[in-house]
Amino acid sequence: MTAARGRRRGAERRPRFAIAATVVFFALLYVPIGVVVLFSFNSQKSLTVFDHASLRWYGAFLRDEVLLDSLGMSLRVSLAAMAGSVLLGVALALGLVRARSRLGSFAGLVMLVPLITPEIVTGVAAMLLFKGLGIALSTTTVTLAEITFSISYVTVILRSRIAALNPEIEEAAMDLGATRRQAVRLVTLPALLPGILASAVLVFALVFDDFVLAYFTTGVDPQPLSVRIYSAIRFGVQPTINAVGTLMLAGSVGLVALALAIPRLFGRRGGLDLLSGE
Numbered sequence: 015m016t017a018a019r020g021r022r023r024g025a026e027r028r029p030r031f032a033i034a035a036t037v038v039f040f041a042l043l044y045v046p047i048g049v050v051v052l053f054s055f056n057s058q059k060s061l062t063v064f065d066h067a068s069l070r071w072y073g074a075f076l077r078d079e080v081l082l083d084s085l086g087m088s089l090r091v092s093l094a095a096m097a098g099s100v101l102l103g104v105a106l107a108l109g110l111v112r113a114r115s116r117l118g119s120f121a122g123l124v125m126l127v128p129l130i131t132p133e134i135v136t137g138v139a140a141m142l143l144f145k146g147l148g149i150a151l152s153t154t155t156v157t158l159a160e161i162t163f164s165i166s167y168v169t170v171i172l173r174s175r176i177a178a179l180n181p182e183i184e185e186a187a188m189d190l191g192a193t194r195r196q197a198v199r200l201v202t203l204p205a206l207l208p209g210i211l212a213s214a215v216l217v218f219a220l221v222f223d224d225f226v227l228a229y230f231t232t233g234v235d236p237q238p239l240s241v242r243i244y245s246a247i248r249f250g251v252q253p254t255i256n257a258v259g260t261l262m263l264a265g266s267v268g269l270v271a272l273a274l275a276i277p278r279l280f281g282r283r284g285g286l287d288l289l290s291g292e
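Here the sequence shown is numbered in the numbering used here, starting from 15 and rising by one per residue.
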């Protein structure tokens with residue numbers, strides 16, 4: 015009895031090494047971010063000595079026309095990529111689920127390739143494609159590249175949702191006189207609305223923060239905000255960049271949280287199962 019109790023206590027002991035490794039990991043991950051957020055409120059220009067809290071650098075950002083132009087471009091590209099990738103992703107997900115052939119299965123596997131391919135490879139390939147076609151790099155090329163890259167996220171999220179729908183619902187709508195298109199528009203799409211909205215918000219957040227693909231496909235001016243920030247820090251980090259980074263961080267966290275919460279707002283399961291499709 016004593017030996018069994020001792021083994022039980024040993025099994026219930028907390029793995030101290032695992033806890034320490036977890037603490038070190040999160041410290042290395044989040045302490046630099048916390049420093050950026052902290053010094054974005056510094057009243058002085060120093061990046062090493064914190065004087066007192068101030069919104070000075072946020073005001074400087076709002077008066078910087080170059081950064082505001084880049085912010086506007088990032089918002090336009092994100093909205094266009096969100097709309098384009100959702101429209102194409104929904105259609106592609108419907109086609110992949112309804113296609114009962116080897117070609118459909120192969121296309122489903124191909125859609126996973128952009129998710130596992132290093133983004134720098136995608137960026138270089140997109141740049142070479144535009145250069146080869148004689149298309150000058152501009153806002154249009156960034157938007158096209160982001161749409162192409164984001165379609166996979168929408169398709170993967172919605173594909174499992176569509177597969178989980180009962181096909182008899184569409185058949186019942188067609189028995190009542192609806193055409194195939196009307197059944198999809200009036201029955202299937204409303205059922206997929208939580209997933210569509212969640213994937214749209216997630217794509218917006220991913221595109222807005224994207225740097226690698228935007229860097230290889232953008233023109234000279236205007237540039238997306240992420241590329242503009244990179245260009246600025248090459249000559250030294252300014253406190254204004256800390257303020258911009260903090261605002262981008264807050265916006266991204268809020269958008270991702272919204273994407274994960276949307277299914278729950280519609281009475282569906284929400285959370286991390288959004289990406290897994292469960």
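Where is the CB? At the ideal position from N, CA and C, for every residue including glycine.
Here aspartate 65 is not near serine 54, since their CB atoms are 8 Å or more apart.
Unbroken alpha helix (DSSP H) stretches of 4 residues or longer found wholly inside the stretch 129-211: 133-146, 153-178, 181-189, 194-197, given in chain order. By the CB criterion at 8 Å, glutamate 160 and valine 234 fall outside the cutoff. Under the three-state reduction of DSSP output, alanine 35 falls in the helix class. The Cβ-Cβ distance between serine 84 and proline 253 does not fall below 8 Å. Alanine 74 and asparagine 256 have their C-alpha atoms spaced approximately 11 Å apart.
Looking at the backbone, the Cα of alanine 107 and that of tyrosine 244 are separated by about 35 Å. In this structure, alanine 187 lies near leucine 200, with their beta-carbon atoms less than 8 Å apart. Per the C-alpha coordinates, the member of Thr232, Val100, Ala121 positioned closest to threonine 154 is Thr232. Taking the CA atoms as reference points, leucine 129 sits about 22 Å from leucine 263. DSSP, read as helix, strand or coil, puts alanine 219 in helix. Linking phenylalanine 144 to threonine 136 through their CA atoms gives a straight-line distance of about 12 Å. Around alanine 67, the same chain offers Phe55 as residues with beta carbons nearer than 6 Å, after the five sequence neighbours per side are excluded. For alanine 41 and leucine 61, the gap between their C-alpha atoms comes out near 20 Å.
Here valine 111 is near isoleucine 176, since their CB atoms are less than 8 Å apart. For the 8 Å CB-CB criterion, phenylalanine 31 and methionine 141 do not form a contact.
Closest option to leucine 82, judged by alpha-carbon separation, among Ala94, Arg242, Leu216, Val170: Arg242.
Counted as a single uninterrupted DSSP element, the alpha helix (DSSP H) harbouring glycine 103 occupies residues 79-112.
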